[in-house]
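Participant: What follows is a single structure, and I will ask about it in a moment.
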Amino acid sequence: MRRSHFTIPFSGFFLCLTLISGCSQKFQDVNDTAKLALLGDDDTVLSTSKIEQLPYASMYARIGDGPQAFMVLAFAEHNSVQNTQPSSLEISQTIQLKWLSADKGLIVTQAGRIIKTASLSEGNLIAINSKTTDPLALGLHKSSTPKYWTRTIDWQPGYHFGYTLRSTFSNGIEQIVMVNQKPTKSLYYTESVNVPSIEQSYQNEFWVDPQTGAVLKSRQKLAPNLPVVEFSILKPFS
């Protein structure tokens, strides 16, 4: 069995749970979530029926070339919207979702964008900041959504703070993507990311729902010298 890329001391996992505050899924008990995560098996693919029966939002995630991990949603927190007159979609897309793995890794997403990680062995994305709204939150499927976005990021290890990233999004292409082993229609977008200060470029990929703009699947590079994270939503947060 390959070593997982999610690592954190056992006691640190519960400290992580203690420090994360905010509203959880309305039916969710934190202790039950922790128990489910701890009993998971990164190399196990759950059946469609099992996933649907679980009272938690869930996803599969893979860090670089590591094993696939099953992650459950532990917390959902509302984040402030930067626009003065946000759309209804934008408001719904400002919820920060905090996912836990069986070996205690943490991934935080917002509108399908990974905005923070913790306890990943190869390093972590610490923060994303922007004066404008992420096109993912506005809805890539909408013709009015800008195709350009600028932000800054911080990451570790090392002292990497305030690096500017400039993104350009492609037009959507119809594709079929598997969602919990079911073929699902999606629009496929690429995000070309340039980091001018270190002359590096890379590409992120998103498969979104054609009607709602929700991200169904994604491959995102956490930072210029950090690995790619691939995730597929199994049971969405609602």
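Under the working numbering, think of the first position of the sequence shown as -3, with each following residue one higher.
We treat Cβ as the ideally placed atom computed from N, Cα and C, and that holds for glycine.
I'd like the list of long-range same chain contacts for L212, defined as Cβ closer than 8 Å, with 5 residues on each side in sequence excluded.
Facilitator: Answer for L212: V173, V175, T180, S182, W203, V204, D205, S228 and I229, listed in chain order.
Participant: Quick test of the definition: if touching needs 3 or more C-beta pairs under 8 Å, does the stretch 39 to 49 touch the stretch 186 to 205?
Facilitator: Contact between the stretch 39 to 49 and the stretch 186 to 205 is absent, because fewer than three Cβ pairs lie under 8 Å.
Participant: Is the CB-CB distance between L69 and A53 below 7 Å?
Facilitator: Cβ atoms of L69 and A53: closer than 7 Å.
Participant: Here's the rule: buried if 16 or more other CB atoms are within 10 angstroms of the residue's CB, otherwise exposed. What is T158?
Facilitator: The residue you asked about is not Thr; residue 158 is Gly in the sequence shown. Classification for G158: exposed.
Participant: Have a look at A72, K100 and V224 and flag the residue whose alpha-carbon is nearest the alpha-carbon of I91.
Facilitator: Here the closest residue by C-alpha is A72.
Participant: R215 and N190: beta carbons closer than 7 Å?
Facilitator: No, they are not a contact pair.
Participant: With I122 as the anchor, note down where its beta strand (DSSP E) starts and where it stops.
Facilitator: N120 to N125 is the extent of the beta strand (DSSP E) around I122.
Participant: How many angstroms separate the CA atom of Q171 from the CA atom of T128?
Facilitator: In a straight line, the C-alpha of Q171 is about 29 Å away from that of T128.
Participant: T44 by DSSP, collapsed to three states: which one?
Facilitator: In this structure, T44 counts as helix in the three-state DSSP scheme.
Participant: If you compare alpha carbons, which of T141, P192 and T146 is closest to N125?
Facilitator: Considering only alpha carbons, the answer is T146.
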